[in-house]
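J.: Let me begin by handing over the structure; questions about it come next.
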Amino acid sequence: MSAFKKVLLPVAAIAVVVGGAAYWFMKGGPIDSSSPAASAEVVPDEALMATFIASDAKGWDQLQQFGTPEAQKFVGQGVQSFQASLLKGSQLNYDKDLKPWVGNVMVAVLPSASESTQQSDTLLVVGIKDKVRALAFANQAKSQPGVQTQESDYKGIKISATTQKDQPNSTIYSAVLSDRLVLANKKVTVEQAVDTFKGAPSFADKSGAARLMATGVDVENPIAQIYLPNYGTSVKQLIANSPQASQIPPQSMQQLDQVESLVVGVGVDDSGLRVKAKAKAKPQATAMQYKPVPGKVVAAFPTDTIALVTGQGLKAAWTTMVEQAQNVPQSQIVVDTVRQQLQAVNLDADKEVFGWMDGEFGLGAIALNQGVLSSVGFGGVLVLETSDRATAEATLTKLDAIAQKNFMQVAQRSVDGKTITEWKLPQQESVLGHGWLNQNSLFIAVGSPLIDGMTAPAKQPLDQSAAFKTVTSSLAKPNAGYFYLDMDKIMAVMNTSLLKTQTSSITPETTAMLNSIRGLGITVTQPDKTTAQVEMLLALKPKALSLK
């Protein structure tokens, strides 16, 4: 990156790629009509992946409707500082000299063209909205002090090599291909782009890539899209080409090969920033086990819930993990460790623990301002549905006996007609309790106030709260469950509990950003037997709400 910063010619691409998200609070984003396929026409077909960043004003303008004044201020300052650092030492101005002609950007990762290194090559394709402005910028860049430019011809296309005199190893190569500017730090990479422009197979022609770019993912006002047409092959090669990456075992590599392709889309709508990732499995891959979750368990949690994970079928998940572990040594170690740890307390992991967890489940963190956990600020609740209550109760009886042997006082009491079993430390309040919400639903609560609170239907159930609805109502349904965060409540807990000491290390800029977030919601769906889709919504606060 430092080499790019020193060179003036590719500043436009870098400004868009690295600083793209900063347009969140900036006015007047650039407009360009080129599509991902148009940019991909000059990307060689051997590209491992490609990222398309749209400069359409609509998406960026939509982002401007969110955020607190503090966040807007910090981001604005960051953008200005970033632009100033890129243009330091020149007489160029970002808004005047770059913004008017820079269009959409595609960043493609290619296998190394050099035998001396395995590190992947990067090709940037920048759409040119205004050729006259772009030419004027190029001429200005050449005339800047300390910049050296050499030109060469390759198949009738002029390739420029731009070098900062005090950085002889920072040469950037570029060429104009119709209405696109291509840039790379290797000449051979630009030559490959020229070959593609002249008719060699392109990423746009690649069957898998063409399909991904044609269908994509359904997000409003898309601002970025990522394409991996040969997912397993690409990931393996990217890992092999990255010296810092941890090597993946062969067995895990085999699992990667089961995924045919991946496409990710980032868009902006009335709720905030939305990300959808769609993975397609190969026809011969192991069939995905998917069963939509009813979502009833959410109603068992109160509106004070700050974080929640829901799903269904822990038994099936454990069974699948056990089966797959037979071919993956690392997974087998995990399975064996779990079994051994539970066997040490006379529990059979397969039968007495996971064997009866065949229904819906929910694990939540709930805000607390009373009891021994008030200093932490939250407690926890686990709700499990089962069709085998007898086995579940037998397991709980064993756990109660283990607690008694470890200096816990275990006693039962009746609350609102329900029998609750509590664990207490001597001379202290209950730290854990469990009981049945109904015939098939078990709860385990950590934190004395939560034990009593779970025995009666929540006066304000989470699924009826405005916060939960705001974050999850627009996520795809039916689905496999939710991952949910209420950022307002999380920040309140951090500011009033022992965790406050940790927040002192958070910068004002980060705090401002967090305060602009309402919450986070993630879910998984399966549109068809070979396709899985992950959807994430970063729900943001509108300006009007942030000002209150």
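All residue numbers for the sequence shown refer to the numbering used here, where the first residue is 9 and numbers rise by one. Backbone N, C-alpha and C define an ideal beta-carbon position, used for all residues, glycine too. Just so we're clear, the structure is a prediction, and the values are computed from it rather than from any experiment.
#1: Against chain B, does Met499 count as a neighbour if the rule is that its beta carbon must be under 8 angstroms from one of theirs?
#2: Excluding the five sequence neighbours on either side, which residues of its own chain have a C-beta within less than 6 angstroms of the C-beta of Asp312, listed in chain order?
#3: CA-CA distance, Gln127 and Thr59?
#4: Could you pull out every unbroken alpha helix (DSSP H) segment of at least 4 residues lying fully inside the region 199-252, listed in chain order?
#5: With a floor of 3 residues, list each beta strand (DSSP E) that falls wholly inside the region 470-548, ordered by position along the chain.
#6: Could you check which residue in Trp326, Gly527, Leu281 and Arg397 has the C-alpha nearest to that of Gln72?
#7: Between which two residues does the beta strand (DSSP E) harbouring Phe145 extend?
#8: Please classify Leu470 as buried or exposed, where buried requires at least 16 other C-beta atoms within 10 Å of its C-beta.
#9: Per DSSP, Ser438 is paired with what?
#10: By the 10 Å Cβ neighbour count, where 16 or more other Cβ atoms means buried, how is Val343 classified, buried or exposed?
#11: Excluding the 5 residues flanking Leu546 on each side, which residues of the same chain have their C-beta closer than 7 angstroms to its C-beta?
#12: Trp364 bridges to which residues according to DSSP?
#13: Which two residues bound the contiguous beta strand (DSSP E) that contains Met57?
#14: Leaving out the 5 sequence neighbours to the left and right, which residues in its chain are closer than 7 angstroms to Gly521 when beta-carbon positions are compared?
#15: On a Cα-Cα basis, can you pick out the residue from Asp424, Val113 and Asn147 that is closest to Leu189?
#16: Assign Val353 to one of two classes, buried (16 or more other C-beta atoms within 10 Å of its C-beta) or exposed (fewer than that).
#17: Count the other C-beta atoms from every protein chain shown that fall within 10 angstroms of the C-beta of Asn193, then say buried if there are 16 or more, exposed otherwise.
#18: Measuring straight from C-alpha to C-alpha, what distance separates Gln320 and Gly489?
#19: Tell me the DSSP bridge mates of Lys286?
#20: For Ser269, count neighbouring Cβ atoms within 10 angstroms of its own Cβ and tell me buried if that reaches 16, exposed if not.
#21: Pull up the distance between the alpha-carbon of Phe205 and that of Tyr235, whole angstroms please.
#22: Can you tell which of Asp174, Leu143 and Phe369 has its C-alpha closest to the C-alpha of Ala183?
#23: What did DSSP end up calling Asp460 once you bin it into helix, strand or coil?
#24: Out of curiosity, what's the CA-to-CA distance linking Gln447 and Pro300?
#25: In this structure, does DSSP put Ala169 in helix, strand or coil?
#26: So, are the CB atoms of Ala169 and Gln158 less than 8 angstroms apart?
#27: What's the gap between the Cα of Phe415 and the Cα of Pro434?
#28: Cutting at 6 angstroms between CB atoms, please list the residues of its own chain near Gln534, excluding the five before and the five after it.
#29: On the three-state DSSP scale, how would you describe Ile452?
#30: For Tyr102, which three-state DSSP category applies?
#31: Does the distance from the CB of Met5 to the CB of Ala48 come in under 8 angstroms?
#32: Exposed or buried, what is Lys323 when buried is set at 16 or more other beta-carbons lying within 10 Å of its beta-carbon?
#33: Report, in whole angstroms, the separation of the C-beta atoms of Asn229 and Gly164, which I expect to be a contact under 8 angstroms.
#34: Roughly how many angstroms lie between the CA atoms of Phe74 and Ile498, to the nearest whole one?
#35: Under a Cβ-count criterion, where at least 16 other Cβ atoms within 10 Å of its own Cβ denotes burial, should Ile514 be classed as buried or exposed?
#36: Smallest Cα separation from Ala289: which of Ala308, Phe309 and Gln266?
T.: Short version:
#1: The question asks about chain B, but that chain is absent: this structure has only one protein chain.
#2: The residue labelled residue 312 in the question sits at position 304 within the sequence shown. For Asp312, where only same-chain residues beyond five positions count, the Cβ hits under 6 angstroms are Ile374 and Ala375.
#3: Taking the sequence shown and counting its residues from 1, one reaches residue 127 at position 119. Taking the sequence shown and counting its residues from 1, one reaches residue 59 at position 51. About 18 angstroms.
#4: Taking only runs of at least 4 residues, the alpha helix (DSSP H) segments lying wholly in the region 199-252 are 215-223 and 239-248.
#5: Here the runs fully enclosed are 490-494, 525-536 and 539-548.
#6: Here the question's residue 72 lines up with position 64 in the sequence shown. The shortest CA-to-CA distance from Gln72 to any of Trp326, Gly527, Leu281 and Arg397 is the one to Leu281.
#7: Taking the first residue of the sequence shown as position 1, residue 145 is located at position 137. Where Phe145 is concerned, there is no enclosing beta strand (DSSP E), although the alpha helix (DSSP H) it sits in stretches over Lys139 to Lys150.
#8: Taking the first residue of the sequence shown as 1, we reach residue 470 at position 462. Buried, because 16 or more other Cβ atoms sit within 10 Å of the Cβ of Leu470.
#9: Along the sequence shown, read from residue 1 onward, the residue named residue 438 stands at position 430. DSSP output for Ser438 lists Lys432 as bridge partner(s).
#10: Counting from one through the sequence shown, the residue named residue 343 turns up at place 335. Counting Cβ neighbours within 10 Å, Val343 comes out buried, since at least 16 surround it.
#11: Position 538 of the sequence shown, counted from the start, is the residue given in the question as residue 546. Around Leu546: Gly280, Leu281, Ile525 and Leu528.
#12: Residue 364 sits at position 356 when you count from the first residue of the sequence shown. Answer is none; Trp364 lacks a bridge partner.
#13: The count along the sequence shown starts at 1 and reaches residue 57 at position 49. For Met57, the enclosing beta strand (DSSP E) begins and ends at Met57 to Ile61.
#14: Along the sequence shown, read from residue 1 onward, the residue named residue 521 stands at position 513. At residue 521 the sequence reads Met, which differs from the Gly that was named. Sequence-distant partners of Met521 (beyond 5 residues in either direction) whose C-beta falls short of 7 angstroms from its own C-beta, in its chain, are Ala79.
#15: Sequence index remark: in the sequence shown, residue 189 carries index 181 (1-based). Of the candidates Asp424, Val113 and Asn147, the one whose C-alpha sits nearest the C-alpha of Leu189 is Val113.
#16: As a working mapping, residue 353 is identified with position 345 in the sequence shown. Counting Cβ neighbours within 10 Å, Val353 comes out exposed, since fewer than 16 surround it.
#17: Within the sequence shown, residue 193 is the residue found at index 185, counting from 1. By the 10 Å Cβ count, Asn193 comes out buried.
#18: Stepping through the sequence shown from its first residue, residue 320 is reached at position 312. Stepping through the sequence shown from its first residue, residue 489 is reached at position 481. Near 7 angstroms, if we compare the C-alpha coordinates of Gly489 and Gln320.
#19: One-based indexing of the sequence shown puts residue 286 at position 278. Partner(s): Val271 and Gln541.
#20: Residue 269 sits at position 261 when you count from the first residue of the sequence shown. When all chains shown are included, Ser269 counts as buried.
#21: Numbered from 1 along the sequence shown, position 197 holds the residue referred to as residue 205. Numbered from 1 along the sequence shown, position 227 holds the residue referred to as residue 235. Distance from the CA atom of Phe205 to the CA atom of Tyr235, rounded to whole angstroms, is 20 angstroms.
#22: Working through the sequence shown from its first residue, we reach residue 183 at position 175. The shortest Cα separation from Ala183 among Asp174, Leu143 and Phe369 belongs to Leu143.
#23: The residue labelled residue 460 in the question sits at position 452 within the sequence shown. Of the three classes helix, strand and coil, the one that applies to Asp460 here is helix, per DSSP.
#24: Counting from 1 along the sequence shown, the entry for residue 447 is found at position 439. Counting from 1 along the sequence shown, the entry for residue 300 is found at position 292. Those two C-alpha atoms are separated by around 22 angstroms.
#25: Within the sequence shown, residue 169 is the residue found at index 161, counting from 1. Looking at Ala169 - three-state DSSP - the assignment turns out to be strand.
#26: The residue given as residue 169 occupies position 161 in the sequence shown. The residue given as residue 158 occupies position 150 in the sequence shown. Cβ distance < 8 angstroms, so Ala169 and Gln158 count as in contact.
#27: Taking the sequence shown and counting its residues from 1, the one referred to as residue 415 is at position 407. Taking the sequence shown and counting its residues from 1, the one referred to as residue 434 is at position 426. Cα to Cα, the separation comes out at about 8 angstroms.
#28: Position 526 of the sequence shown, counting from 1, holds the residue named residue 534. Leaving aside the five residues that flank Gln534 on each side, the residues in its chain whose CB is nearer than 6 angstroms to its CB run, in chain order, Tyr298 and Ala540.
#29: As a first step, residue 452 must be located in the sequence shown, where it is residue number 444. Strand at Ile452.
#30: For this step, residue 102 is matched to residue 94 along the sequence shown. Annotated three-state conformation of Tyr102 is helix, per DSSP.
#31: In the structure displayed, the chain extends from 9 to 556; residue 5 sits before or after that span and is not available.
#32: For the purposes of this step, residue 323 is taken as the residue at position 315 of the sequence shown. Classification for Lys323: buried.
#33: Here residue 229 refers to the residue found at position 221 of the sequence shown. Here residue 164 refers to the residue found at position 156 of the sequence shown. In fact, because the Cβ distance is near 39 angstroms, the residues do not count as touching under 8 angstroms.
#34: The residue given as residue 74 occupies position 66 in the sequence shown. The residue given as residue 498 occupies position 490 in the sequence shown. When rounded, the separation of the alpha-carbon atoms in Phe74 and Ile498 is 20 angstroms.
#35: As a working mapping, residue 514 is identified with position 506 in the sequence shown. Ile514 counts as exposed, since fewer than 16 other C-beta atoms from the protein chains shown sit within 10 angstroms of its C-beta.
#36: Working through the sequence shown from its first residue, we reach residue 289 at position 281. Taking only the C-alpha atoms, the option nearest Ala289 is Gln266.
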